[in-house]
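Enquirer: Here it is, the structure, as structure tokens.
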Amino acid sequence: MNIIYLLFTVSSFSFPIAAVDLNLNSLQSLQNATSLVAYGLMDYYTGDQYGQTVGMFSDPYYWWEAGGAWGTMLDYWYFMQNDTYNDIITAALLHQVGTDNNYIPLNQSTTEGNDDQAFWGITVMTAAERNFTNPPEDQPQWLYLAQAVFNTMALRWDADSCGGGLRWQIFVWNSGYDYKNSVSNGALFHMAARLARYTGNQSYVDWAERVYDWMSDVGLISNGSYKFVYDGASTTDNCTVLTTYQWTYNQGLLLSGAAYLYNYTGSDTWLLRTNQLLNASSVFFNNSILYEAACQKSGTCNNDQRSFKAYFLRFLGQTAQLVSETQPTIMKWLNASAYAAAQSCSGGTDGHTCGLNWFSGGWDGMYGLGEQMSALEALVNTRVLHLPGPYNSTDGGSSIGNSAAGTEQEATNLAPLHITDGSKAAAAIITSVVGISIVAAGVWLII
Ligand SMILES: *[C@@H]1O[C@H](CO)[C@@H](O)[C@H](O)[C@H]1NC(C)=O
Ligand SMILES: *[C@@H]1O[C@H](CO)[C@@H](O)[C@H](O)[C@H]1NC(C)=O
Ligand SMILES: *[C@@H]1O[C@H](CO)[C@@H](O)[C@H](O)[C@H]1NC(C)=O
Ligand SMILES: *[C@@H]1O[C@H](CO)[C@@H](O)[C@H](O)[C@H]1NC(C)=O
Ligand SMILES: *[C@@H]1O[C@H](CO)[C@@H](O)[C@H](O)[C@H]1NC(C)=O
Ligand SMILES: *[C@@H]1O[C@H](CO)[C@@H](O)[C@H](O)[C@H]1NC(C)=O
Ligand SMILES: *[C@@H]1O[C@H](CO)[C@@H](O)[C@H](O)[C@H]1NC(C)=O
Ligand SMILES: *[C@@H]1O[C@H](CO)[C@@H](O)[C@H](O)[C@H]1NC(C)=O
Ligand SMILES: *[C@@H]1O[C@H](CO)[C@@H](O)[C@H](O)[C@H]1NC(C)=O
Ligand SMILES: *[C@@H]1O[C@H](CO)[C@@H](O)[C@H](O)[C@H]1NC(C)=O
Ligand SMILES: *[C@@H]1O[C@H](CO)[C@@H](O)[C@H](O)[C@H]1NC(C)=O
Ligand SMILES: *[C@@H]1O[C@H](CO)[C@@H](O)[C@H](O)[C@H]1NC(C)=O
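In structure tokens form, the structure reads like this:
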């Protein structure tokens, strides 16, 4: 997004408010503040405009971040009890499922990485756990989609190097194929933990343990009472050398995954790991205010990285709901970060564009989808202890899934009428076209 576009879009705002005022003790104050921040977030959404693609945000925001942003909008709906955007969210989530209902849409399929796919999977998992309105019967259901993402990712588990792990990239021709990183593996762990708790199926617990043990063995999760999560390691040296950047969202994927597993299994091991991952999370706070330590101070955060705090705040909120011992620490961080983020949401000509750095007591001049997402998650997550935690399949969740999702050609949770031989044939043709174009692209690269 360039500045001219920003000025153009913000000039269409009708809010006369100069800054986001906030009193965390008042739901109405939070609703007033967040409705402005959410409006600012949706200002980057162009998918409902003529000639644009449903579900996608404006340039330069990549497809994966759109998946993350819809998760933020789900949190806005749930915690602020505001369904203004629900139809837009549903349309976006369903438009991008792809022909195999697993979030590998044709438009993204040649460049998509495991982490990209996972961020859409995490969002539909939230839809299932929050009992978000189910899609029409002839569409794939939230739980089904989450399982399809999980299953297709788990099938890529690669024991040929590093003793296991997922590669970052799905396809051999993409740079990053030789990198096994924490966001891909952490997301697989995180999805497994949530699916375990939602469905009660032990095979997800087994998967979560497999991924966690592997990450710990190669050192992507450090040992000891502060469990730091490092960025990744290369297959070219069998994952013996770690890239040690620490990102908020990686720490959060592991932290909340451990919290889900503790909540579901009651195991002391997962409680201990939750607390150790929480201990290490303190590196991302300064006077309890969250920041992206690896890039924020140096001013080098790219568009992707500017959204990482959003996911981390969401994962902190989930952890507080699932493991009561973590609540004092997490609520202290969420409260302080929410107030600081709200003060940063005082920029732009509209007066409520949010910034990146929340220490300055005002807007720092930065703006974008990631900034709006992060501030919105900080604000809405201060309500986590006022609303029910994630539902499972028997205590409030109503989404229907299938443990084999993603390994068949059709969404088998559709009403039987909709699974015709014709649609199966169509799906098979499209699948083979994707296959051919992938092979063709590979040949082209080799030439
Ligand atoms: C919220 O906004 C409404 C409408 O502008 C206003 O009447 C109300 O006083 C505001 N509440 C708080 C707590 O700011
Ligand atoms: C719900 O969200 C819309 C759009 O952001 C806003 O106009 C409306 O005031 C919000 N309502 C409440 C109760 O927050
Ligand atoms: C794929 O791209 C085309 C052309 O931009 C667009 O019309 C279509 O909606 C896109 N499909 C998805 C699922 O993104
Ligand atoms: C690669 O690392 C794995 C796990 O650490 C180990 O089991 C395997 O023997 C190593 N392979 C080579 C060729 O060193
Ligand atoms: C869902 O959670 C309830 C407790 O709230 C528990 O009794 C039930 O067994 C759980 N269901 C599954 C499928 O794990
Ligand atoms: C952490 O402990 C595990 C087993 O307890 C071990 O395999 C792994 O190498 C250790 N990691 C580091 C970085 O020392
Ligand atoms: C967290 O760190 C503190 C030291 O700051 C330590 O006393 C505590 O045991 C750690 N918690 C866990 C679960 O290891
Ligand atoms: C922490 O916050 C203080 C102001 O509260 C600021 O001066 C300092 O630079 C911040 N530290 C980092 C690492 O950003
Ligand atoms: C967070 O803020 C809420 C609302 O002001 C307050 O009730 C709660 O005690 C605070 N929690 C902590 C740990 O600061
Ligand atoms: C699990 O999470 C639910 C939902 O927040 C909570 O009510 C329950 O007390 C938690 N269970 C444990 C063992 O912490
Ligand atoms: C979940 O949604 C279903 C279907 O709309 C509804 O029947 C059920 O009451 C909802 N559960 C909760 C806990 O709200
Ligand atoms: C549990 O999930 C696995 C695949 O992940 C599946 O093979 C198995 O049938 C499922 N079990 C039940 C009881 O649904």
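With mature numbering (1 follows the signal peptide of the UniProt record, and there is no 0) applied, the sequence shown covers -19 to -1, 1 to 428. Ideal Cβ positions, reconstructed from N, Cα and C, are used throughout, including at glycine.
1) Short of 8 Å in beta carbon distance, which residues of its chain neighbour T363, apart from the five on each side in sequence? Order them along the chain.
2) Rounded to the nearest angstrom, what separates G349 and L258 at their Cα positions?
3) Does the distance from the C-beta atom of A72 to that of V105 stay below 9 Å?
4) I'd like to know whether the C-beta atoms of S380 and Y125 end up nearer to each other than 9 Å.
5) Can you look up A406 in the DSSP assignment and give me helix, strand or coil?
6) So, does the CB of R287 fall closer than 9 Å to a CB anywhere in chain D?
7) Grab me the residues of Q128's own chain with a C-beta within less than 6 Å of its C-beta, minus the 5 sequence neighbours each way, in chain order.
8) For the candidate residues S237, N268, R295, whose alpha-carbon lies nearest to that of N256?
9) Roughly how many whole angstroms lie between the Cα atoms of F131 and A189?
10) Near ligand 4, which residues have their beta-carbon less than 5 Å from any of its heavy atoms, given in chain order?
11) Any heavy atom of ligand 10 closer than 8 Å to the beta-carbon of S237?
12) Among all the DSSP beta bridges, which residues are the ones paired with F296?
13) How is L368 classed by DSSP in three states: helix, strand or coil?
14) Can we say the region 83 to 94 touches the region 342 to 358, given the rule of at least three CB pairs closer than 8 Å?
15) Tell me which same chain residues have a C-beta within less than 7 Å of the C-beta of F289, skipping the five on either side of it?
16) In its own chain, which residues sit with a C-beta less than 7 Å from the C-beta of Y292, not counting the 5 before and 5 after it?
17) Give a yes or no on whether the C-beta atoms belonging to H333 and V18 are separated by under 9 Å.
18) Exposed or buried, Y31, counting other C-beta atoms within 10 Å across all chains shown (16 or more means buried)?
19) Between the region 215 to 227 and the region 142 to 149, can you find at least three pairs of beta-carbon atoms closer than 8 Å?
20) My guess is that L22 and T53 are in contact by the Cβ rule of under 8 Å, so how many angstroms apart are they, rounded?
21) Looking at the structure shown, is V210 part of a helix, part of a strand, or coil, going by DSSP?
22) Would you kindly check if the distance between the Cβ of L169 and the Cβ of A108 is under 9 Å?
23) Applying the criterion that 16 or more other CB atoms from any shown protein chain within 10 Å of the CB defines a buried residue, is V153 buried or exposed?
24) Helix, strand or coil, according to DSSP, for Y179 in the structure here?
25) Would the region 294 to 308 and the region 276 to 283 be scored as touching if the rule is three or more Cβ pairs under 8 Å?
26) Between which residues of its own chain and W195 is the CB-CB distance below 6 Å, once the five residues before and five after are set aside?
27) Between which residues of its own chain and R175 is the CB-CB distance below 6 Å, once the five residues before and five after are set aside?
28) With H, G and I counted as helix, E and B as strand and the rest as coil, what does DSSP make of F38?
29) Can you list the residues near ligand 9, meaning Cβ strictly closer than 5 Å to any non-hydrogen atom, in the order they appear in the chain?
Expert: Based on what the coordinates show:
1) These residues qualify, in order along the chain: L5, L11, M312, L315, N316, A319.
2) Cα-Cα distance, rounded: 29 Å.
3) No, Cβ-Cβ distance for A72 and V105 is not below 9 Å.
4) Result yes, Cβ atoms of S380 and Y125 sit closer than 9 Å.
5) Its pLDDT being 38, under 50, A406 is placed unreliably by the model, and the measurement read from it follows with that caveat. In the structure shown, A406 sits in a helix (DSSP, three-state: H, G or I).
6) Among the chains in the structure shown there is no chain D, since it carries only a single protein chain.
7) G382, A386
8) S237
9) Distance between F131 and A189, taken at the CA atoms: about 11 Å.
10) G144, N219
11) Residue side-chain check: S237 keeps its Cβ at 8 Å or more from all non-hydrogen atoms of ligand 10.
12) DSSP lists no partner for F296.
13) coil
14) In short, these stretches do not touch, since the Cβ pair count stays below three.
15) Within its own chain, the residues whose Cβ lies closer than 7 Å to the Cβ of F289, once the five positions on either side in sequence are excluded, are W228, T229, Y230, E273, listed in chain order.
16) G49, Y230, G233
17) Pairing H333 with V18 gives a Cβ-Cβ distance under 9 Å.
18) exposed
19) Because the criterion of three Cβ pairs below 8 Å is met, the region 142 to 149 and the region 215 to 227 touch.
20) 7 Å
21) strand
22) no
23) V153 should be labelled exposed.
24) helix
25) no
26) G145, G146
27) For R175, where only same-chain residues beyond five positions count, the Cβ hits under 6 Å are M106, Y241.
28) strand
29) L5, N6, M312, K313, N316
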